[in-house]
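**Q** Each residue of the sequence shown is one higher than the one before, starting from 1 at the first, in full-length UniProt numbering.
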Amino acid sequence: MSHPSLYENVDLAEMTEQRGSKVVAAARDGAQSGVEPCRRRKTLLHISVFLSSCVFLSLVLLLIGLLHGTWQFAKQQCSMDHSHLLVINSTEEQNFITEEANNTMYWIGLRDTSGGNWTWVDDTICRSSSMFWTAGEPNNWNGNTEDCVHIEDEGRWNDNQCSANLSWICEK
Numbered sequence: 001m002s003h004p005s006l007y008e009n010v011d012l013a014e015m016t017e018q019r020g021s022k023v024v025a026a027a028r029d030g031a032q033s034g035v036e037p038c039r040r041r042k043t044l045l046h047i048s049v050f051l052s053s054c055v056f057l058s059l060v061l062l063l064i065g066l067l068h069g070t071w072q073f074a075k076q077q078c079s080m081d082h083s084h085l086l087v088i089n090s091t092e093e094q095n096f097i098t099e100e101a102n103n104t105m106y107w108i109g110l111r112d113t114s115g116g117n118w119t120w121v122d123d124t125i126c127r128s129s130s131m132f133w134t135a136g137e138p139n140n141w142n143g144n145t146e147d148c149v150h151i152e153d154e155g156r157w158n159d160n161q162c163s164a165n166l167s168w169i170c171e172k
């Protein structure tokens, strides 16, 4: 018995036709068609390309209740796709993700590892300007331990309890 593949190749040339100049610009910087295509699990519903990274956004399916979870669950799901939760390295990438996120809250790969030391999942220290944080964040709101970060619906960062159930963004 043959099982359908859980993965599919994503052809950047096809994406260029579907998405237009944004993908063309990304392809010029290294994610060119004919180089290794992005592979994604078929359950991931949206893919974009930023420079040479493939960015996967899980989407909340309210009727079915799929594709949202805790920060740790999101991290594991990205790992299963041979990727990791999103690491934001520049203002340009932050702006790109804000546009792609389309007013949805997503986990990203940033976490407070010890008393205000914000570390990305690739073990780099977060050196991003405070301009990415929502005003007043990070704040451990209402005395809660909020050690995981998500992008709010307007694209700014917010610290949240890692047990909250949100969508997530993977990158590889």
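Backbone N, C-alpha and C fix where the C-beta goes; we use that ideal spot for every residue, glycine too.
It should be emphasised that the depicted structure is a prediction, and the values quoted were computed from it without experimental measurement.
When you compare only the Cα positions, how much space is there between A101 and G155?
**A** Translated into positions along the sequence shown, residue 101 becomes position 101. Translated into positions along the sequence shown, residue 155 becomes position 155. Rounded to the nearest angstrom, the two C-alpha atoms are 7 Å apart.
**Q** What is the DSSP secondary structure of T145, counted as helix, strand or coil?
**A** As a first step, residue 145 is located in the sequence shown; it is residue number 145 there, counting from the start. DSSP, reduced to helix, strand and coil, places T145 outside both helices and strands of the structure shown, so it counts as coil.
**Q** Could you give the DSSP three-state label for K172: helix, strand or coil?
**A** What you label residue 172 is simply residue 172 of the sequence shown in a count that begins at 1. Correct three-state label for K172: coil.
**Q** If contacts are defined as beta-carbon pairs under 8 Å, then S167 and T104 qualify, I think. What distance do you get, rounded to the angstrom?
**A** For the purposes of this step, residue 167 is taken as the residue at position 167 of the sequence shown. For the purposes of this step, residue 104 is taken as the residue at position 104 of the sequence shown. Sure, about 6 Å apart at Cβ, within 8 Å.
**Q** Are there 16 or more other CB atoms within 10 angstroms of the CB of I97, so buried, or fewer, so exposed?
**A** Here residue 97 refers to the residue found at position 97 when the sequence shown is read from its first residue. Burial call: buried.
**Q** Under the rule that 16 or more other beta-carbon atoms within 10 Å means buried, what is W141, buried or exposed?
**A** The residue labelled residue 141 in the question sits at position 141 within the sequence shown. It is exposed - the Cβ of W141 has fewer than 16 other Cβ atoms within 10 Å.
**Q** R111 and T119 look like a contact to me (Cβ under 8 Å); what is the Cβ gap, rounded to whole Å?
**A** If you number the sequence shown from 1, residue 111 lands on position 111. If you number the sequence shown from 1, residue 119 lands on position 119. The Cβ separation is near 6 Å, so the contact holds.
**Q** Let me know if Q72 comes out buried or exposed under the rule of 16 or more other beta-carbons within 10 Å of its beta-carbon.
**A** Your numbering for residue 72 matches position 72 in the sequence shown. By the 10 Å Cβ count, Q72 comes out exposed.
**Q** Since Q161 and E146 should fall inside the 8 Å C-beta cutoff, what is the C-beta to C-beta distance between them, to a whole number of angstroms?
**A** The residue labelled residue 161 in the question sits at position 161 within the sequence shown. The residue labelled residue 146 in the question sits at position 146 within the sequence shown. Q161 to E146, Cβ: 6 Å. Contact.
**Q** If you run the structure through DSSP and keep just helix, strand and coil, what is S114?
**A** Locating residue 114 in the sequence shown gives position 114, where the first residue counts as 1. The answer is strand: DSSP assigns S114 an E or B state.
**Q** Below 8 Å on the Cβ atoms is my guess for I125 versus I169; work out the distance and round it to an integer in Å.
**A** In the sequence shown, counting from the first residue as 1, residue 125 sits at position 125. In the sequence shown, counting from the first residue as 1, residue 169 sits at position 169. Incorrect: roughly 20 Å between the Cβ atoms, too far for contact.
**Q** Closest to N144 by CA distance: which of K75, D159, H150 and T134 is it?
**A** Residue mapping note: residue 144 aligns to position 144 of the sequence shown, counting from 1. Out of K75, D159, H150 and T134, D159 has the C-alpha closest to the C-alpha of N144.
**Q** Specify the secondary structure class of S167 as computed by DSSP and reduced to three states.
**A** On the sequence shown, residue 167 is found 167 positions in, with the first residue counted as 1. DSSP places S167 in strand when its eight states are reduced to three.
**Q** Let me check understanding here. Comparing Cα to Cα, which of C148, G69, V121 and E93 lies closest to S83?
**A** Counted from its first residue, the sequence shown places residue 83 at position 83. Distances from the CA of S83 to each of C148, G69, V121 and E93 were compared; the closest alpha carbon is that of V121.
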